[in-house]
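J.: Numbering (this note's numbering), first residue to last: 13 to 479.
To start, I am sharing the structure in question, which I have written as structure tokens.
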Ligand SMILES: Cc1cc2nc3c(=O)[nH]c(=O)nc-3n(C[C@H](O)[C@H](O)[C@H](O)COP(=O)(O)OP(=O)(O)OC[C@H]3O[C@@H](n4cnc5c(N)ncnc54)[C@H](O)[C@@H]3O)c2cc1C
């Protein structure tokens, strides 16, 4: 049988699914082809003996009206019954490990004054932020500014070492010296660019002052959520909302060709190993960037895509461990702990998963999600469980053997928006211009968070509909 639909989407991660969702909302015919056996990509959850382990993301930060609407439409909004969970109040507290001990990040000026995380000189240096001029290196041909240089320039070295550096490990598992602040943290960069200071910029936005209006889709306050059966419940619900026959799993693409300047002809084997063909006006590539080079695309297109497919993405391992509550000395009263680079820890950080959301561990037990690897220490992704247990003992006073363990190794965890990232954007634009109907979607463009991928997917759906 030959399929005919307006749009084919390769990859049913959250990016591809949100594109499909938006197309379907607009009665725009589409077919999603996924190579694995289920929807979700990085959003995968395992439940066993009362524990819930996330393989990838542990939460979704809802900060956009359109994401909110999707959650409502799929019955996954926290206001609708018990499927969604809002993070417990405790999750507001975050720890940073300094001199072998987790210290709470200050949340008030008095806390800032008292915290041992920053030196007295460092604290005084923060106060100068509104008086620091903006970066002019781009106009002067000096190139992108790294996140590390940006923080050092605006807030001083103490802030980089004690808070901003660990924060980058937590989000990108990245090297702050090699991430472009303009591309990896566009909100910070925009605040400096438009207001000269991100402290003044944040205040101006809050009070709706200054040159840049508030994003009309932005929700304030944002909320951190997950789901009773884990993060995978979200892509499963979106996939189920698509009409029957619009989402296929276990598909292996055999050939992709463009005929003339419009039709894309695809050949693939389906779930039953049968060969299928289809012709589509639009082709959305929503596979991970490192998989692009393996697609059976025309050779010229593969070559043009090489800056995208070769984008660095370090390995990260997520090890979820369950313990009896009495075996952990630390109160675990927070989101988790990030670790300063100077601590030379084998871990990037630890999420206190059962403190963030209910239902992550049986009664009187706790779940800790330990992340290791990343750009600075990629080989730590191979640390064995005992190395992690020793570190948990040192930092959180964890004794006794774990009653649960689940390990996921991501060879290409998070694409790094590094100092030469502009060439990735240029390559994407060239490909989309040169191949009409081709669209690239995924966490390698427009943000790596689940929320960003959702917004970008929804916007892409809207763009295709409006063409
Ligand atoms: C360990 C870890 C922790 C994270 N934590 C957080 C967090 O707490 N909060 C947060 O917001 N974000 C987090 N992220 C980031 C976020 O989860 C990802 O950026 C996002 O889920 C990526 O979605 P995607 O759809 O772009 O790609 P993917 O999820 O990778 O989906 C791509 C899909 O394409 C499919 N595919 C591959 N090849 C083919 C092919 N040839 N044909 C068809 N289909 C194919 C794959 O099977 C997959 O389903 C984390 C990521 C990781 C790895």
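C-beta atoms are modelled at their ideal positions from N, C-alpha and C, and glycine is treated no differently.
#1: Measuring only the C-alpha atoms, how far is residue 464 from residue 371?
#2: At 4 residues or longer, and completely inside the segment 352 to 428: list those alpha helix (DSSP H) runs for me, N to C.
#3: Assign residue 283 to one of three DSSP states: helix, strand, or coil.
#4: For the alpha helix (DSSP H) that contains residue 242, what are its first and last residues?
#5: Buried or exposed, going by whether 16 or more other CB atoms sit within 10 Å of the CB of residue 386?
#6: Suppose contacts are defined by Cβ-Cβ distances below 9 Å. Is residue 192 in contact with residue 431 by that definition?
#7: Pairs of beta-carbons, one from the segment 256 to 267 and one from the segment 283 to 297, closer than 8 Å: are there three or more?
#8: In this structure, how does DSSP classify residue 17 when only helix, strand and coil are distinguished?
#9: Quick check: does the Cβ of residue 263 come within less than 8 Å of any heavy atom belonging to ligand 3?
#10: How far does the beta strand (DSSP E) with residue 218 in it reach, from first residue to last?
#11: For residue 267, report the span of its beta strand (DSSP E) as first-last.
#12: Distance check for residue 296 and residue 451, CA to CA, integer angstroms please.
#13: Less than 8 Å between the CB of residue 465 and some heavy atom of ligand 1, yes or no?
#14: Can you tell me whether residue 383 sits near ligand 1, meaning its C-beta is under 8 Å from at least one heavy atom of the ligand?
#15: Please tell me whether residue 383 and residue 360 are closer than 9 Å, where the distance is taken between their beta carbons.
#16: Can you name the residues that DSSP bridges to residue 201?
#17: Can you check whether the C-beta of residue 201 is within less than 9 Å of a C-beta belonging to chain D?
#18: Taking three-plus beta-carbon pairs below 8 Å as touching, is the segment 34 to 42 in contact with the segment 17 to 24?
#19: Quick one: residues in its chain with C-beta nearer than 6 Å to the C-beta of residue 166, no 5 flanking neighbours on either side, listed in chain order?
#20: Since residue 274 contacts residue 293 with CB under 8 Å, what's their CB separation in whole angstroms?
T.: Working from what's here:
#1: CA-to-CA, the gap between residue 464 and residue 371 works out to about 26 Å.
#2: Counting only runs of 4 or more, we get 365 to 368, 397 to 408.
#3: In the structure shown, residue 283 adopts coil according to DSSP, grouped into three states.
#4: DSSP places residue 242 in no alpha helix (DSSP H); its state is neither H nor E.
#5: So residue 386 counts as buried.
#6: Cβ atoms of residue 192 and residue 431: closer than 9 Å.
#7: Yes, since at least three Cβ pairs between the segment 256 to 267 and the segment 283 to 297 fall closer than 8 Å, the two stretches touch.
#8: In the structure shown, residue 17 sits in a strand (DSSP, three-state: E or B).
#9: Ligands in the displayed structure: ligand 1; ligand 3 is not one of them.
#10: Counting along the chain, residue 218 falls outside any beta strand (DSSP E), though it belongs to the alpha helix (DSSP H) covering 210 to 218.
#11: According to the DSSP assignment, residue 267 belongs to the beta strand (DSSP E) that extends over 264 to 271.
#12: Rounded to the nearest angstrom, the two C-alpha atoms are 5 Å apart.
#13: Yes.
#14: At least one heavy atom of ligand 1 lies less than 8 Å from the C-beta of residue 383.
#15: Yes, the pair counts as a contact, with Cβ atoms nearer than the cut-off.
#16: For residue 201, no pairing in a beta bridge is given by DSSP.
#17: Absent from the structure: chain D. Only one protein chain is present.
#18: Flag = yes, the segment 34 to 42 and the segment 17 to 24 touch.
#19: For residue 166, same chain residues with a beta-carbon under 6 Å away, outside a window of 5 residues either side, are 141, 144 in chain order.
#20: Contact flag correct, Cβ pair sits at about 6 Å.
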